[in-house]
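Peer 1: Counting in the working numbering, the final residue of the sequence shown is number 1538, and the numbers go up one at a time with none missing.
Dropping the structure in here first, questions after.
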Amino acid sequence: MTVFAFSIALAVVFAALAVSTRWLRVLHGLGFTFAVLAVGCLAVAHPPLFVAWAGFELKGAIVPLVQLILLGMGLTLTVADFRRVLTLPWPIFLGFVLQFTVMPLGGLVFAWLFGLQGAVATGLVLIGSVPGGTASNVITLLARANVPLSVTMTACSTLAAPIMTPLAMKLLAGTYVPIDAWGMMRSILTMVIAPLVIGIAVHHSLPALAQRLARGLPVVAMGGICAVIGITIASSREQLLTVGLALFGAAACHNAVGYTLGYCLARLARLNRTDARTVAIEVGMQNGGMATGLAFDVLKSPAAALGAAIFGPWSAITASVLASWWRQRMADGAA
């Protein structure tokens, strides 16, 4: 079977699964993930669909799409989410430290263990060096963990990203490709922080407008993420076909280590089980949209975005399974 035929077949299967999540409880919550996988397979089968339309190169839309996604995140945040740092300092500090140590170092280690090189290896370090995304807040809710803690951790790590992400990349990925730390900082400020702050300001000043916008933006954001992943895969199709299995193995291990060390180290630090689950989810899930935007905007490398394109959908699947397992175990008080 050719790559085209196999990819089309997988795209049809994933699209059918995405639709079936409306009726099959066992697949509840995975509809968006299956949609992303279907788009990814379609991008492998027919890359031109995601490369250019009417002479416009679609990769030029990635940064605006990421900004739109972060604007949506800002519309859901309030000043109180940041004040919570004063009431939950230790869990937030611990989660922050684990976020920017376990995941960047994990990316470096698994890139080496799986023999990844150059921009592809850089991409795995990059996905480990960005903060968590808003999907972690939803998973925390499903796991019946500490949602306010999750929201505050996501917000704080995102605001710290202009310093922490370039620093981690300079220290850990500089041996693979040249890292422009200042350029990365500027990109994060304009691509991530600016729309986030605008969203928070709108929420604070015009709450009714923010509420109306927040109702529609999740659908737009999901469509944007699908487009970003499709563009990324189409732009690096040949490299993906060459290193796909190794990169998937590295990303899967990276994700698993994030959950495991996040939970175990949080418990060693005497956090209760609910907060430890929250930290595990925050550490194990990353902001794939931001990583993709930086790969295109700063590194100028679609191949560096492949790690995010694989890590994102995979972490959504594993996080949903983990949340379901934890929710079921809460009845008997198990970890």
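Cβ atoms here follow ideal geometry from the backbone N, Cα and C, with glycine treated the same way.
(1) Can you tell me whether DSSP reads Ala1376 as helix, strand or coil?
(2) Select from Leu1471, Gly1461, Asp1500 the residue whose C-alpha is nearest the C-alpha of Val1305.
(3) With burial defined as no fewer than 16 other Cβ atoms inside 10 Å of the residue's Cβ, what is the status of Val1501: buried or exposed?
(4) Does DSSP put Phe1237 in a helix, in a strand, or in coil?
(5) Hey, Leu1327 and Gly1510 are a contact pair by Cβ (cut 8 Å); roughly how many whole angstroms apart?
(6) Thr1481: which of Gly1331, Ile1434, Ala1411, Pro1294 sits nearest, CA to CA?
(7) In angstroms, rounded to a whole number, what distance separates the CA positions of Ala1411 and Pro1250?
(8) With distances taken from CA atoms, which of Cys1429, Leu1444, Ile1382, Ala1314 is nearest Val1242?
(9) Consult DSSP for Trp1293 and reduce its assignment to one of helix, strand or coil.
(10) Which ranges would you report for the alpha helix (DSSP H) in the segment 1320-1404 if only whole runs of at least 4 residues count?
(11) To test your reading of the DSSP string, which unbroken alpha helix (DSSP H) runs of 4 or more residues are found completely within the segment 1250-1324?
(12) Let's test the definition: count the other Cβ atoms within 10 Å of the Cβ of Ala1494 and tell me whether it reaches 16, buried, or not, exposed.
(13) Measuring straight from C-alpha to C-alpha, what distance separates Ala1413 and Ala1248?
(14) Using a Cβ-Cβ cut-off of 8 Å (strictly less than) and excluding sequence neighbours within five positions of Phe1299, which residues of its own chain qualify?
(15) Exposed or buried, which one is Phe1317 when buried takes at least 16 other CB atoms within 10 Å?
(16) In this structure, does DSSP put Gln1531 in helix, strand or coil?
(17) Just to confirm my understanding: we take Phe1235, look at its own chain, exclude 5 residues before and 5 after, and list those with CB closer than 6 Å. What are they?
(18) Taking 9 Å as the CB-CB cut-off, is Leu1392 touching chain C?
(19) Excluding sequence positions up to five away, which residues of its chain have a Cβ less than 6 Å from the Cβ of Pro1403?
(20) Smallest Cα separation from Gly1345: which of His1231, Gly1310, Val1446?
(21) Given this structure, state the Cα-to-Cα distance separating Ala1314 from Gln1531, to the nearest angstrom.
(22) Which first and last residues belong to the alpha helix (DSSP H) in which Met1493 is found?
(23) Output needed for Met1394: all residues of its chain with C-beta closer than 8 Å, excluding positions within five of it in sequence on either side, in chain order.
(24) Please report how far the alpha carbon of Ala1238 lies from the alpha carbon of Phe1296, in whole angstroms.
(25) Suppose contacts are defined by Cβ-Cβ distances below 9 Å. Is Thr1343 in contact with Tyr1379 by that definition?
(26) Rank Asn1458, Ile1396, Gly1275 by C-alpha distance to the C-alpha of Ala1417 and give the top, closest one.
(27) Going by the CB atoms, is the gap between Val1254 and Ser1518 shorter than 9 Å?
(28) Counting C-beta neighbours from all protein chains within 10 Å, is the total for Trp1528 16 or more, i.e. buried, or is it exposed?
Peer 2: The answer reads as follows:
(1) coil
(2) Gly1461
(3) buried
(4) helix
(5) 4 Å
(6) Pro1294
(7) 41 Å
(8) Cys1429
(9) helix
(10) 1321-1332, 1338-1345, 1350-1375, 1384-1391
(11) 1265-1278, 1282-1286, 1292-1302, 1305-1316
(12) buried
(13) 39 Å
(14) Met1356, Cys1359, Ser1360, Ala1363
(15) buried
(16) helix
(17) Met1425
(18) Looking for chain C here will not work: only one protein chain is present.
(19) Before going on, a small fix: residue 1403 reads as Ile here, not Pro. Cβ neighbours of Ile1403 beyond the five flanking positions: Gly1277, Leu1280.
(20) Checking the displayed sequence, the identity of residue 1345 turns out to be Leu instead of Gly. Nearest option by C-alpha distance: His1231.
(21) 34 Å
(22) 1491-1500
(23) Val1266, Val1269, Gln1270, Leu1273, Met1493, Gly1496, Leu1497, Asp1500
(24) 35 Å
(25) no
(26) Gly1275
(27) no
(28) exposed
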